[in-house]
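Student: Chains A and B supply the protein sequences, listed in that same order. 2 is the number of the first residue of the first sequence in my numbering; add one for each residue after it. 2 is the number of the first residue of the second sequence in my numbering; add one for each residue after it.
Number of protein chains: 2
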Amino acid sequence: MKIHNFSAGPCILPQEVFEKSSQAVLNFNNDGLSILEISHRSKAFVDVMENARALALELLGLEGKGYKALFLQGGASTQFLMAAMNLMEKKAAYLNTGTWSDNAIKEAKIYGEVAEVASSKEANYNYIPKGYKVPKDCDYFHCTSNNTIFGTQIKDFPKLDMPMVCDMSSDIFSRSLDFSKFDLIYAGAQKNMGPAGTTLVVVKEEILGKVTRQIPSMMDYQTHISKGSMFNTPPVFAVYVTMLTLQWLKDLGGIAAIEKENEKKAQLIYSEIDLNPLFKGFAEKADRSIMNATFTLENDNLKDTFETMVKEANINGINGHRSVGGYRASMYNAMPLNSVGILVDVMSELERKA
Amino acid sequence: MKIHNFSAGPCILPQEVFEKSSQAVLNFNNDGLSILEISHRSKAFVDVMENARALALELLGLEGKGYKALFLQGGASTQFLMAAMNLMEKKAAYLNTGTWSDNAIKEAKIYGEVAEVASSKEANYNYIPKGYKVPKDCDYFHCTSNNTIFGTQIKDFPKLDMPMVCDMSSDIFSRSLDFSKFDLIYAGAQKNMGPAGTTLVVVKEEILGKVTRQIPSMMDYQTHISKGSMFNTPPVFAVYVTMLTLQWLKDLGGIAAIEKENEKKAQLIYSEIDLNPLFKGFAEKADRSIMNATFTLENDNLKDTFETMVKEANINGINGHRSVGGYRASMYNAMPLNSVGILVDVMSELERKA
Numbered sequence: 002m003k004i005h006n007f008s009a010g011p012c013i014l015p016q017e018v019f020e021k022s023s024q025a026v027l028n029f030n031n032d033g034l035s036i037l038e039i040s041h042r043s044k045a046f047v048d049v050m051e052n053a054r055a056l057a058l059e060l061l062g063l064e065g066k067g068y069k070a071l072f073l074q075g076g077a078s079t080q081f082l083m084a085a086m087n088l089m090e091k092k093a094a095y096l097n098t099g100t101w102s103d104n105a106i107k108e109a110k111i112y113g114e115v116a117e118v119a120s121s122k123e124a125n126y127n128y129i130p131k132g133y134k135v136p137k138d139c140d141y142f143h144c145t146s147n148n149t150i151f152g153t154q155i156k157d158f159p160k161l162d163m164p165m166v167c168d169m170s171s172d173i174f175s176r177s178l179d180f181s182k183f184d185l186i187y188a189g190a191q192k193n194m195g196p197a198g199t200t201l202v203v204v205k206e207e208i209l210g211k212v213t214r215q216i217p218s219m220m221d222y223q224t225h226i227s228k229g230s231m232f233n234t235p236p237v238f239a240v241y242v243t244m245l246t247l248q249w250l251k252d253l254g255g256i257a258a259i260e261k262e263n264e265k266k267a268q269l270i271y272s273e274i275d276l277n278p279l280f281k282g283f284a285e286k287a288d289r290s291i292m293n294a295t296f297t298l299e300n301d302n303l304k305d306t307f308e309t310m311v312k313e314a315n316i317n318g319i320n321g322h323r324s325v326g327g328y329r330a331s332m333y334n335a336m337p338l339n340s341v342g343i344l345v346d347v348m349s350e351l352e353r354k355a
Numbered sequence: 002m003k004i005h006n007f008s009a010g011p012c013i014l015p016q017e018v019f020e021k022s023s024q025a026v027l028n029f030n031n032d033g034l035s036i037l038e039i040s041h042r043s044k045a046f047v048d049v050m051e052n053a054r055a056l057a058l059e060l061l062g063l064e065g066k067g068y069k070a071l072f073l074q075g076g077a078s079t080q081f082l083m084a085a086m087n088l089m090e091k092k093a094a095y096l097n098t099g100t101w102s103d104n105a106i107k108e109a110k111i112y113g114e115v116a117e118v119a120s121s122k123e124a125n126y127n128y129i130p131k132g133y134k135v136p137k138d139c140d141y142f143h144c145t146s147n148n149t150i151f152g153t154q155i156k157d158f159p160k161l162d163m164p165m166v167c168d169m170s171s172d173i174f175s176r177s178l179d180f181s182k183f184d185l186i187y188a189g190a191q192k193n194m195g196p197a198g199t200t201l202v203v204v205k206e207e208i209l210g211k212v213t214r215q216i217p218s219m220m221d222y223q224t225h226i227s228k229g230s231m232f233n234t235p236p237v238f239a240v241y242v243t244m245l246t247l248q249w250l251k252d253l254g255g256i257a258a259i260e261k262e263n264e265k266k267a268q269l270i271y272s273e274i275d276l277n278p279l280f281k282g283f284a285e286k287a288d289r290s291i292m293n294a295t296f297t298l299e300n301d302n303l304k305d306t307f308e309t310m311v312k313e314a315n316i317n318g319i320n321g322h323r324s325v326g327g328y329r330a331s332m333y334n335a336m337p338l339n340s341v342g343i344l345v346d347v348m349s350e351l352e353r354k355a
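1) Quick check on A/A124: buried or exposed, where buried means 16 or more other Cβ atoms within 10 Å of its Cβ?
2) Whose C-beta lies closer than 6 Å to the C-beta of A/S120 among residues of the same chain, with five residues either side of it excluded?
3) Below 7 Å on C-beta distance, what does A/T79 contact in chain B?
4) Use the C-beta contact count for B/N317: other C-beta atoms within 10 angstroms, 16 or more gives buried, fewer gives exposed.
5) Rounded to whole angstroms, what is the Cα-Cα separation between B/A55 and B/K69?
6) Given a cut-off of 7 Å, decide if A/V325 and A/F280 are closer than it, judged by their beta-carbon atoms.
7) Excluding sequence positions up to five away, which residues of its chain have a Cβ less than 6 Å from the Cβ of A/D288?
8) What whole-angstrom Cβ distance do B/V345 and B/I270 have, given they're in contact under 8 Å?
9) Distance cutoff 7 Å, beta carbons only. Does B/I422 sit that close to anything in chain A?
10) A/Q268: buried (16+ other C-beta within 10 angstroms of its C-beta) or exposed?
11) Quick one: grab the DSSP three-state call for A/D179.
12) Give, in chain order, every residue of the stretch 37 to 68 of chain B whose Cβ lies closer than 7 Å to some Cβ of chain A.
13) Which word fits B/T246, buried or exposed, when buried means at least 16 other C-beta atoms lie within 10 angstroms of its C-beta?
14) Within 10 Å of its beta-carbon, does A/M89 have 16 or more other beta-carbons around it, so buried, or fewer, so exposed?
15) Considering only DSSP beta bridges, list what B/R329 is partnered with.
16) Can you pull the chain A residues whose beta carbon is under 7 Å from the beta carbon of B/F19, in chain order?
17) Pull up the distance between the alpha-carbon of B/Q74 and that of A/G198, whole angstroms please.
18) Is A/C12 close to chain B? Criterion is C-beta to C-beta, closer than 7 Å.
19) With C-beta atoms as the reference, is A/D172 less than 7 Å away from A/N147?
20) How is A/T199 classed by DSSP in three states: helix, strand or coil?
21) From the DSSP output, which residues share a beta bridge with B/L73?
22) So which residues of chain A does B/S97 contact, with C-beta pairs closer than 9 Å?
23) Distance, Cα to Cα, A/A109 vs A/H41?
24) Can you round the beta-carbon distance between A/L338 and A/E262 to whole angstroms, since I take them to be within the 8 Å contact cut?
25) Using a Cβ cut-off of 7 Å, pull out every chain B residue sitting near A/L245, in sequence order please.
26) Which class does B/G361 belong to by DSSP, given the choice of helix, strand or coil?
27) If we cut at 7 Å on Cβ distances, does B/P337 have a partner in chain A?
28) What residue does the beta strand (DSSP E) around A/T145 start on, and which one ends it?
29) Only counting the same chain, and skipping five residues up and downstream in sequence, which positions put a Cβ closer than 8 Å to that of A/M194?
30) Any Cβ of chain B within less than 7 Å of the Cβ of A/E308?
31) For a quick check, are the C-beta atoms of B/Y133 and B/F151 less than 7 Å apart?
32) Quick check: A/I186 and A/V212, are their CB atoms within less than 7 Å of each other?
33) What's the C-alpha gap between A/E51 and A/H225?
34) Please state the DSSP three-state secondary structure of B/I316.
35) Using a Cβ-Cβ cut-off of 7 Å, state whether B/Q268 counts as contacting chain A.
36) Which residues share a DSSP beta bridge with B/Y95?
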């Protein structure tokens, strides 16, 4: 039974990654030991960590440009405070495009003044604000590239004379960008990169070490850089699965190749949403995410029929977040075009039936 | 080929846990989805989390006594700062019994005054200080129950009129203690409990909410308690493997049953260390850990012979930590008595050969 898994995260990963990970839990590298019982200081695991770090920089086109990749713990929620602790001396600019931006702002306020440069909160975050001004006296600008809950995505990033910090948790490695425009990128692994349990941090070293506060060791990016992302025991298995997923992406042709697939998937579902009178897209068209399509059913009476058909088609995880309601189809890198086709078929079939 | 894995952590876990975990990576609960791709909000995973939290309290005998169990990220190293952030208003007492105590002290100093009540640093931490006085004006007392690197273990904990905080990373669930004497217990999972990637925190709720500083959401125990350890995406797989390991321990008869096994293993190896003139124990006898036996080879000329014999016996992970040198046999809960017997046989064989 093939399940079409549209879960918003943790979410679908490549089948070959599941198979290799499952095998490694029994016998890693044919050494007779499980990956769960090997020392993180063993050569076998140090190689995994170094490979994962190198693949991340290579896929983002950031090799040799002064960046370091780290695999930390605690999710993007921990990065909300680490970014501020490490970079904010007095004031920082934040663009508020959704729940996660809002949470990032809340944590940053503990460490200084936050200039909220724009917000789409009044419209339940169904668009990305544009044309905002960023005060020049800020230590950095923070934004969220893709808003998983609302299905919006920033298409154009501002050009600024200050460090750019971006939470890319739900669209990293999914589309081509000039990543060298960013000085700090962070992303929970559990969307396009791996399982829950590790967080990728990519940081330009030159922006660090400029604040006067004393930073606890575990919260200090410089601690982790100086120890090669092994200051303390890393989340071994999560880093291994992430390495396999990044290797899978590289073998496919990297971000440029997967972006084409992601655009096809997005076009397929958004065409259906726009053409099928039973459904309505939530996000403004110009700001639609290629990762998470949010939509509602116009006629509540069809809800049960639609959900039964969805279930019969072995489609999983399309319930919308409680903040938006309706449905959300998350189509991360590992989601096959065919699975999106099956969801679209169910939507068309509902129109014929109704 | 059966490997005898004496690794200090991450380390051996029960074989049945490896088998069930490996299967869950392919198909969890026979739902057709990998445990790596399911939502952490799915009923299946919420059940895992609740079960793991309940098992932890049940095994420690802390059910219904005002404690909450949490599975967080970031290792004991993150607890060094969380403990201080959540509990220290002005001053705290720390017992310094090794590298990890020392690191905990370093982080706590960011948040207030640390009274180091005693230290065995001058003897490279080969014993546990006793008879120390704890100043009455401290917000809490902090200690490390077992010192993985040095092979020492606290046998008697002080009785104090202040909250007791204990880092039990390397001996939790290994011996019977009155755990209700402690107000905050934390432990990285990767010794007796599960894989690297999650940290158990057991906290008595009444000690929280008493400091005046603003605590960032992710660093605040109350945040995690209020959300049932699901404030943000938890490390799903690490929590699942931990749940399986705790269930295995419960099925065996809990801490009382495993303690007997652990004592047999410890007695076996320490007898050999004491009777075999080629080896010398590092830790003072009264303070020896039942988890980590540290010892040196008296005659350096036998090093290569011993290490070749160890390798031929499929023994893994007995190199000592660089701070101590020599050897360390870590004998966590899942280590069979038979594996310790095989190491002891190699040590005896070396004596016969030498």
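Glycine included, every Cβ here is placed at the ideal spot set by N, Cα and C.
Tutor: So, to answer that:
1) Against the first sequence, residue 124 of chain A aligns to sequence position 123. Around the Cβ of A/A124, a 10 Å sphere holds fewer than 16 other Cβ atoms; the residue is exposed.
2) To locate residue 120 of chain A, count along the first sequence from 1; it is residue 119. N97.
3) Counting from one through the first sequence, the residue named residue 79 of chain A turns up at place 78. Ordered by position in chain B, the residues that pass the 7 Å Cβ test against A/T79 are M219.
4) To locate residue 317 of chain B, count along the second sequence from 1; it is residue 316. Classification of B/N317: buried, given that the 10 Å Cβ count is 16 or more.
5) Position 54 of the second sequence holds residue 55 of chain B. Position 68 of the second sequence holds residue 69 of chain B. Each residue's Cα considered, the two are about 9 Å apart.
6) What you label residue 280 of chain A is simply residue 279 of the first sequence in a count that begins at 1. What you label residue 325 of chain A is simply residue 324 of the first sequence in a count that begins at 1. A/V325 is positioned such that its CB atom lies no closer than 7 Å to that of A/F280.
7) Your numbering for residue 288 of chain A matches position 287 in the first sequence. Hits under 6 Å: Y128, I129, T153.
8) Working through the second sequence from its first residue, we reach residue 345 of chain B at position 344. Working through the second sequence from its first residue, we reach residue 270 of chain B at position 269. Between B/V345 and B/I270 the beta-carbon gap is near 6 Å, inside 8 Å, which marks them as a contact.
9) Residue 422 of chain B lies beyond the residue range present for chain B, which begins at 2 and ends at 355; the question has no answer from this structure.
10) For this step, residue 268 of chain A is matched to residue 267 along the first sequence. Label assigned to A/Q268: exposed.
11) Position 178 of the first sequence holds residue 179 of chain A. Of the three classes helix, strand and coil, the one that applies to A/D179 here is coil, per DSSP.
12) If the cut-off is 7 Å between Cβ atoms, the stretch 37 to 68 of chain B has L37, E38, I39, S40, H41 near chain A.
13) For the purposes of this step, residue 246 of chain B is taken as the residue at position 245 of the second sequence. Residue environment analysis places B/T246 among the buried positions, since at least 16 neighbouring C-beta atoms fall within 10 angstroms of its C-beta.
14) As a working mapping, residue 89 of chain A is identified with position 88 in the first sequence. It counts as buried.
15) Position 328 of the second sequence, counted from the start, is the residue given in the question as residue 329 of chain B. Answer is B/T295, bridged to B/R329.
16) Counted from its first residue, the second sequence places residue 19 of chain B at position 18. Neighbours of B/F19 on chain A, chain order: V26, L27, S35, L37.
17) Taking the second sequence and counting its residues from 1, the one referred to as residue 74 of chain B is at position 73. Taking the first sequence and counting its residues from 1, the one referred to as residue 198 of chain A is at position 197. B/Q74 and A/G198 have their alpha carbons spaced roughly 8 Å apart.
18) For this step, residue 12 of chain A is matched to residue 11 along the first sequence. At least one beta carbon of chain B lies nearer than 7 Å to the beta carbon of A/C12.
19) Residue numbering aside, residue 172 of chain A sits at position 171 when the first sequence is read from its first letter. Residue numbering aside, residue 147 of chain A sits at position 146 when the first sequence is read from its first letter. When the beta-carbon positions are compared, A/D172 and A/N147 come within less than 7 Å of each other.
20) The residue you call residue 199 of chain A lines up with position 198 of the first sequence. DSSP places A/T199 in coil when its eight states are reduced to three.
21) Start at 1 with the first residue of the second sequence, and residue 73 of chain B comes out as number 72. B/L73 pairs with B/T200.
22) Residue 97 of chain B sits at position 96 when you count from the first residue of the second sequence. The question names Ser, but residue 97 of chain B is Asn in the sequence shown. What B/N97 touches in chain A, judged by beta-carbon distance under 9 Å, is nothing: the nearest beta carbon there is about 17 Å away.
23) The count along the first sequence starts at 1 and reaches residue 109 of chain A at position 108. The count along the first sequence starts at 1 and reaches residue 41 of chain A at position 40. If you take the alpha carbons of A/A109 and A/H41, they lie about 33 Å apart.
24) Taking the first residue of the first sequence as 1, we reach residue 338 of chain A at position 337. Taking the first residue of the first sequence as 1, we reach residue 262 of chain A at position 261. Rounded to whole angstroms, the Cβ separation of A/L338 and A/E262 is 6 Å, and the two are in contact under 8 Å.
25) Stepping through the first sequence from its first residue, residue 245 of chain A is reached at position 244. What A/L245 touches in chain B: nothing, since even the nearest Cβ is about 11 Å away.
26) The structure shown does not extend to residue 361 of chain B, since chain B spans only 2 to 355, so no value can be given for it.
27) For the purposes of this step, residue 337 of chain B is identified with residue 336 of the second sequence, where counting begins at 1. By this cut-off, B/P337 is not an interface position.
28) Position 144 of the first sequence holds residue 145 of chain A. It spans 142 to 145 - the beta strand (DSSP E) in which A/T145 sits, taken as one unbroken run.
29) One-based indexing of the first sequence puts residue 194 of chain A at position 193. Closer than 8 Å at the Cβ level, and outside the excluded window around A/M194, lie I173, F174, A188, L201, T243, T246, L247.
30) Here residue 308 of chain A is taken as the residue at index 307 of the first sequence, counted from 1. Not one chain B Cβ lies under 7 Å of A/E308.
31) What you label residue 133 of chain B is simply residue 132 of the second sequence in a count that begins at 1. What you label residue 151 of chain B is simply residue 150 of the second sequence in a count that begins at 1. For B/Y133 and B/F151, no; Cβs fall outside 7 Å.
32) Translated into positions along the first sequence, residue 186 of chain A becomes position 185. Translated into positions along the first sequence, residue 212 of chain A becomes position 211. Not in contact: A/I186 and A/V212 (Cβ atoms no closer than 7 Å).
33) Position 50 of the first sequence, counting from 1, holds the residue named residue 51 of chain A. Position 224 of the first sequence, counting from 1, holds the residue named residue 225 of chain A. Taking the straight line joining both Cα atoms gives about 13 Å.
34) Indexing the second sequence from 1 puts residue 316 of chain B at position 315. Looking at B/I316 - three-state DSSP - the assignment turns out to be strand.
35) In the second sequence, counting from the first residue as 1, residue 268 of chain B sits at position 267. Taking CB atoms only, B/Q268 has no neighbour in chain A less than 7 Å away.
36) By 1-based counting over the second sequence, the position of residue 95 of chain B is 94. According to DSSP, which records beta bridges pairwise, B/Y95 is partnered with B/E117, B/H143.
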